[in-house]
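For reference, the structure discussed in these notes is given below.
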Amino acid sequence: HGRLPDGRVYLSMSCFDEWPLAKSIGVERMPSRYVGHLRTTIEVANALVELHGLKIWHVDLNPMNILFRWERNKPVIRLVDFESSYEVARHSTGLFYNPPTTSGYTAPELSRQAPDARSDLFSLAAVLYTMIAGPEWTWAADVGRCIEADPDLTPELRALLLTAVDEEMARPILREILARQPNHPGAHHYRIHNWDYHEPEQALESCRKYTELVPGILRELSDVVDAALTKEKEQRISTARELADRLEAV
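To convert a position in the sequence shown, counted from 1, into this note's numbering, add 1.
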């Protein structure tokens with residue numbers, strides 16, 4: 002944007018061929034697409050390597066802010082919507098910074114401190130997790146619909162979960178039952194909602210056993226996702242290059 006010699010203001014805009022990554026994420030879990038999901042995530046990580054080299058953190062990576070298409074058997078991605086981005090040169094000098102972010106994909110430390118590269122890695126790992134597990138099992142607000150569709154639940158647990166969705170008094174009972182069966186797939190599906198939707202990072206911390214949440218997922222991939230979704234950023238994968246390399250190894 003700018004001003005022409007005659008004083009008129011102009012604005013240049015680009016039209017991209019890609020669609021939001023969210024449009025490519027199916028409801029059903031499809032192990033046949035895991036490799037494609039990995040390749041897409043690696044491309045995003047490579048883009049973050051360049052972005053972070055400029056000391057800019059995106060901060061709001063989610064399936065709507067990653068544009069995506071396949072071309073010649075290779076994923077083509079664009080990162081968009083830098084409204085919430087953090088530029089070290091500007092914001093570290095005291096410029097006010099309180100960005101809008103997307104619940105479920107935002108690194109937990111952002112509520113109390115400035116972001117860094119690890120904040121974007123948390124968000125990207127959450128995107129990969131959504132691609133693998135499907136949006137119905139992660140950030141969908143309609144818990145009842147998830148419960149009805151879940152093939153892993155016993156009729157008894159399904160009935161109790163549906164009761165808990167509608168009856169506030171049933172929630173402590175539900176938590177107690179799931180605590181006694183921590184390895185039941187249903188525990189991971191519904192703990193991630195944290196029932197009250199107020200602290201998604203705590204819900205993420207309780208949902209770690211991806212091999213049980215998504216049957217068939219590789220243990221190595223589970224370990225990488227877990228290392229990037231660690232609540233304490235000091236224990237998290239520290240660079241986009243490290244994340245890309247570990248996903249390439251998988």
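Note that the Cβ used here is the ideal one computed from N, Cα and C, for glycine as well.
- Only residues of its own chain outside the window of five on either side were considered, and among them 126, 129, 130 and 211 have a CB closer than 7 Å to the CB of residue 226, listed in chain order.
- DSSP places residue 232 in the coil class of the three-state scheme, outside both helix and strand.
- Scanning 5, 33 and 67 for the CA closest to the CA of residue 24 turns up 67.
- Looking at the DSSP output, residue 156 sits in no beta bridge, so it has no partner there.
- Under the three-state reduction of DSSP output, residue 98 falls in the coil class, being neither helix nor strand.
- Linking residue 2 to residue 9 through their CA atoms gives a straight-line distance of about 11 Å.
- A distance below 6 Å between beta-carbons, with the five flanking residues on each side excluded, links residue 98 to the following residues of its chain, in chain order: 92.
- DSSP places residue 133 within a helical segment (H, G or I) once states are collapsed to three.
- In the displayed model, residue 113 falls within coil according to three-state DSSP, outside both helix and strand.
- For residue 84, the three-state secondary structure derived from DSSP is coil.
- In this structure residue 71 is not in contact with residue 117, their Cβ atoms being roughly 32 Å apart against a cut-off of 8 Å.
- By the neighbour-count criterion, in which a residue is buried when 16 or more other Cβ atoms sit within 10 angstroms of its Cβ, residue 84 is exposed.
- Setting aside the 5 residues that flank it on each side, residue 78 is surrounded in the same chain by 19, 22, 41, 44, 45, 48, 67, 68 and 69, each with a C-beta closer than 8 Å to its C-beta; the list follows chain order.
- In this chain, the beta strand (DSSP E) harbouring residue 70 covers 67 to 72.
- Closest by C-alpha distance to residue 241, out of 249, 122 and 251, is 122.
- Secondary structure note for residue 38: its alpha helix (DSSP H) is the uninterrupted segment 35 to 54.
- Excluding its 5 nearest sequence neighbours in each direction, residue 62 has C-beta neighbours in its own chain below 7 Å: 106, 121, 124, 125 and 128, listed in chain order.
- The shortest C-alpha to C-alpha distance from residue 238 to any of 114, 112 and 108 is the one to 108.
- Residue pairing by DSSP places residue 3 opposite 11 in a beta bridge.
- Taking 9 Å as the cut-off, the beta carbon of residue 100 is found closer than this to the beta carbon of residue 86.
- With fewer than 16 neighbouring CB atoms inside 10 Å of its own CB, residue 6 falls in the exposed class.
- Here residue 231 has 237 as same chain residues with Cβ atoms under 6 Å from its own Cβ, once five neighbours each way along the sequence are excluded.
- In this structure, DSSP gives residue 89 a helical state, which the three-state scheme calls helix.
- Straight through space, the alpha carbons of residue 223 and residue 27 are spaced by roughly 20 Å.
- Only exposed fits residue 94, as fewer than 16 other CB atoms lie within 10 angstroms of its CB.
- DSSP places residue 32 in the helix class (H, G or I) of the three-state scheme.
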